[in-house]
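Heads up, the thing below is written out as structure tokens.
Number of protein chains: 2
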Amino acid sequence: MSPHQHLDHAPLELENFLPYRLSILSNTVSQGIANDYQQRHDLSVTEWRVMAVLARFEGLSAREVAERTAMDKVAVSRALARLVEAGRVSRDTHDGDKRRSVLGLTEAGWKVHDEVAPLARAHERELLARLEPEEQMWLQRILDKLLRDRGNRERGTGNG
Amino acid sequence: MSPHQHLDHAPLELENFLPYRLSILSNTVSQGIANDYQQRHDLSVTEWRVMAVLARFEGLSAREVAERTAMDKVAVSRALARLVEAGRVSRDTHDGDKRRSVLGLTEAGWKVHDEVAPLARAHERELLARLEPEEQMWLQRILDKLLRDRGNRERGTGNG
DNA sequence: TGCAATTGGTTTCACATGTAACTATAACGC
DNA sequence: GCGTTATAGTTACATGTGAAACCAATTGCA
Chain A
0 MSPHQHLDHA PLELENFLPY RLSILSNTVS QGIANDYQQR HDLSVTEWRV
50 MAVLARFEGL SAREVAERTA MDKVAVSRAL ARLVEAGRVS RDTHDGDKRR
100 SVLGLTEAGW KVHDEVAPLA RAHERELLAR LEPEEQMWLQ RILDKLLRDR
150 GNRERGTGNG
Chain B
0 MSPHQHLDHA PLELENFLPY RLSILSNTVS QGIANDYQQR HDLSVTEWRV
50 MAVLARFEGL SAREVAERTA MDKVAVSRAL ARLVEAGRVS RDTHDGDKRR
100 SVLGLTEAGW KVHDEVAPLA RAHERELLAR LEPEEQMWLQ RILDKLLRDR
150 GNRERGTGNG
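Just so you know, the sequences run in chain order A and B. Numbered per numbering that gives the first Met the number 0, the first sequence spans residues 0 to 159. Numbered per numbering that gives the first Met the number 0, the second sequence spans residues 0 to 159.
Below, the structure is given as structure tokens:
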């Protein structure tokens, strides 16, 4: 209540707190993409990430997908269940290791991919367009740095 | 499977896709803080945000807290329920408008705040310490720009 | 071989979260 | 005043999610 408290307790200014700002920005951006495109394809963000990885690396196992998407294996398992059910991803059993699955996009999967990917890219472009070229460069550099080793050690989940 | 597909379909490189990178970074950072400190206080991120705001602005209503934390009113309502239950936040009824609540930190609330706030700040410092002063400056500037109007229009939730 | 430890993947449980519906109070129009 | 509309906040429902337990196949190793 009294201003003297404020000095003593040194409250955090949320709007200037970097983790908070990153969270807001990330959620805003992800929401924007999810709303516009993935919802109309009945495609969650986790599912989209799985598809994006399988578009580049055919024949991965679920674990490898998990590594490349930075999601945990449970999330991947669930995403795959839906994607296979929807006929967007094919799942075979690895020759010589019956535990492993061998994953890939189906025709239908590629079709969805080819619609969503450009839209995702467009969103990214719009975001970057709000920055000067100089700022874009710095942002890349800064993210590279901050993601360098962290990105491996810990897990990033949820939205994006 | 065939490389020609890759050219045709132009798959997204997730690890270079800005929204994805932001999501990973945000989640990594938030997780770091949540793990280290807020868990041991039995304090969720949403609860912490509410407390941080109430530390700066005594006597807010729940709606005002929601505005300042960029959370929706349901999330705030739930966070407040737990905080009041835990004796960390006091809730009175506004004189002259019985709908409004008048919120503030209790003694116990301040105690938690005064332990968590410095640790949150320490995390932020550690993060920034990985950047050159020049990069820190650009990051601030870039976030300012990207958060400028978006921050109001859309809602950012969850983690931070 | 044969059994313990590991690994790929799924299921279960508890809990967080968003949307929509709902209650209660207040403001507005007449 | 009185009905309509708006606002503060909570509850209900459906869904997403992580941690841990779990099953099945494989590897390591005696």
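The beta-carbon is built from N, C-alpha and C at its ideal position, and this holds for glycine as well.
- For residue 96 (chain A), the enclosing beta strand (DSSP E) has its first and last residue at 96-104.
- Among the residues facing chain B, residue 92 (chain A) is not included, as its CB has no counterpart in that chain under 9 Å away.
- In summary, residue 27 (chain A) is buried, with 16 or more beta-carbon neighbours lying within 10 Å of its beta-carbon over all protein chains present.
- Boundaries cannot be given for residue 60 (chain B), as no alpha helix (DSSP H) includes it and DSSP labels it neither H nor E.
- Counting the other Cβ atoms within 10 Å of the Cβ of residue 93 (chain B) gives fewer than 16, which makes it exposed.
- Annotated three-state conformation of residue 90 (chain B) is strand, per DSSP.
- With a contact defined as Cβ atoms closer than 8 Å, residue 44 (chain B) and residue 37 (chain B) qualify at about 7 Å.
- Cβ proximity to chain B below 7 Å picks out nothing from the segment 73-92 of chain A.
- Contact between residue 141 (chain A) and residue 146 (chain B) is absent: CB atoms are separated by about 15 Å, not below the 8 Å threshold.
- Inter-segment contact for the segment 68-75 of chain B and the segment 121-131 of chain B is absent: fewer than three beta-carbon pairs are separated by less than 8 Å.
- Neighbourhood of residue 111 (chain B) in chain A, by CB distance below 8 Å: empty, with the nearest CB roughly 11 Å away.
- For residue 132 (chain B), no CB of chain A lies under 9 Å from its own CB, so it is not counted at the interface with that chain.
- 9 Å or more divides the Cβ of residue 16 (chain B) from the Cβ of residue 121 (chain A).
- Using a Cβ distance threshold of 9 Å, residue 62 (chain B) and residue 99 (chain B) count as a contacting pair.
- Taking 8 Å as the Cβ-Cβ cut-off, the segment 15-39 of chain A approaches chain B at 16, 17, 18, 19, 20, 21, 22, 23, 24, 25, 26, 27, 28, 29, 30, 31, 32, given in chain order.
- The C-alpha of residue 97 (chain A) lies about 11 Å from the C-alpha of residue 60 (chain A).
- For a cut-off of 8 Å, the C-beta gap from residue 53 (chain B) to residue 13 (chain B) is around 39 Å, too long to register as a contact.
- At least one C-beta of chain A is nearer than 9 Å to the C-beta of residue 144 (chain B).
- Against chain A, the beta carbon of residue 68 (chain B) has neighbours under 8 Å at 13, listed in chain order.
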